[in-house]
Amino acid sequence: MLTARFHPDIAELPAATWDVLLGGDHPFVSHAFLQTLERTGCIRPEWGWQPHHLGLYEGDRLVAAAPLYLKGNSHGEFVFDWSWAGAWERAGGSYYPKLLNAVPYSPVPGPRLLVGQGAHASRLRQALVEAMRAETDRLDLSSAHANFLAPDELAAFGPEWLARSDVQFHWHNRDYADFDAFLATLKAKKRKNIRQERAHVAASGLAIRMRPGSSLGAAEWRQVHALYMATFDAKGNHAVLTGDFFCALGELGDTVQVATAGEDDRILAMALFLQGEDTLYGRYWGAHVAVPGLHFELCYYLGIEHAIANSLRRFEPGAQGEHKLARGFVPMRTHSRHYLAHPQFRLAVRDALVHEARAIDDYIAELATHTPYAEACR
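The opening residue of the sequence shown carries number 729 in the working numbering; numbering runs sequentially from there.
As structure tokens, this is what we get:
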């Protein structure tokens, strides 16, 4: 007999059990990472995030869980439903709050339905999905959404959940001995362009390093946070990650990696990464200097070198960005599922998603004609 309980603070859920149910080393879904977001002021109702984490219990024993939030807007999700919200509100409905199964501010595919490795994994995933749907109806919400799902979770969602996909660009390690071995697989023009970009950075005189987050002191983390803030300010966006959050990243050990460019004791540019068991994830970038190629060096090339040196299988540098294709990243689908409570609204959106899906298929087919590799990677 399973009982669903909802928690307004992830600290109410046992960290050790949560991470066992996670079933692997995925840093964004770890209890420590999600709790760090909450305790350092990054998750706030006034910013549209209210924790509503789901636990499934047999008696008092937690047997399945899902990171869940009541959302007062659609910021920080990277699966865009603004048009759905506008349509529903023009029809007289209230789209917000909605229910969201996701990791805040992180367009990173991975586990969202945490059930461990047991024989009942499929049944528990379905129970989590049903609990989310039931909670949506109980609270009279417009919708529930599950973003950036792992492939083995998709079957848990029934036909009342609308399927949606998008495209990211990921790099795959083909057992390269070093960066030059990777370059050798690219077309000559792409290889030449990357070498030129790296030469521009080398000629700048900046000290370029990839460092574990645990090696940065408090003053250096403040510099990294200032660079993050400057990037968001320059783009007119609201920077939601606090200075306390950045300083706390150093407590996560080698899970966090930071690429820096500097002189003396000043960090003049940075790129922030998180590392799992077999994957490197690129997150944030910032710079106080304008050096040709510096963005690509810190955000992509150092990440590729790090992945090769540490035998990581994959490097996911974040959402969007066709410019990544020319640098060895290839298109990969991401998946989300969406439950719209009102049947007629659900039907209208389902029809629109048919056209969107065809456009995504065409986009992926077009990208395949622009592979940077001399021979197709298999």
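For each residue, glycine too, the CB sits at the ideal point set by N, CA and C.
For S802, three-class secondary structure by DSSP: coil
Neighbour-count burial assignment, R1065, 16 or more Cβ in a 10 Å radius: buried
Where M729 sits in the DSSP three-state scheme: coil
C-beta atoms of A1035 and L1008 nearer than 7 Å: yes
Contact under 7 Å by Cβ, E774 with I738: no
Rounded separation between G800 and V748 - CA only: 30 Å
Residues near A849 by beta carbon distance below 8 Å, same chain, minus five either side: V843
Inter-stretch contact at 8 Å, needing at least 3 Cβ pairs: the segment 854-871 / the segment 1011-1024: no
Contact under 7 Å by Cβ, W746 with H759: yes
Spatial distance of W949 from E991 (CA atoms): 16 Å
Sufficient close CB pairs (3 or more, under 8 Å) joining the segment 790-808 to the segment 829-841: yes
Burial state of R853, where buried means 16 or more other Cβ atoms lie within 10 Å: buried
Cβ-based burial, G886 [other Cβ within 10 Å; buried from 16]: exposed
Extent of the continuous alpha helix (DSSP H) run through I1032: L1030 to A1037
Sub-7 Å separation of S834 and F897 beta-carbons: no
Local conformation of R840 per DSSP, three classes: coil
According to DSSP, residues forming a beta bridge with N829: L796 and A874
Proximity of S893 and K826 at Cβ, strictly below 7 Å: no
Reduced DSSP secondary structure (H/G/I, E/B, other) of S822: coil
Distance CB(L996)-CB(Y1012) smaller than 7 Å: no
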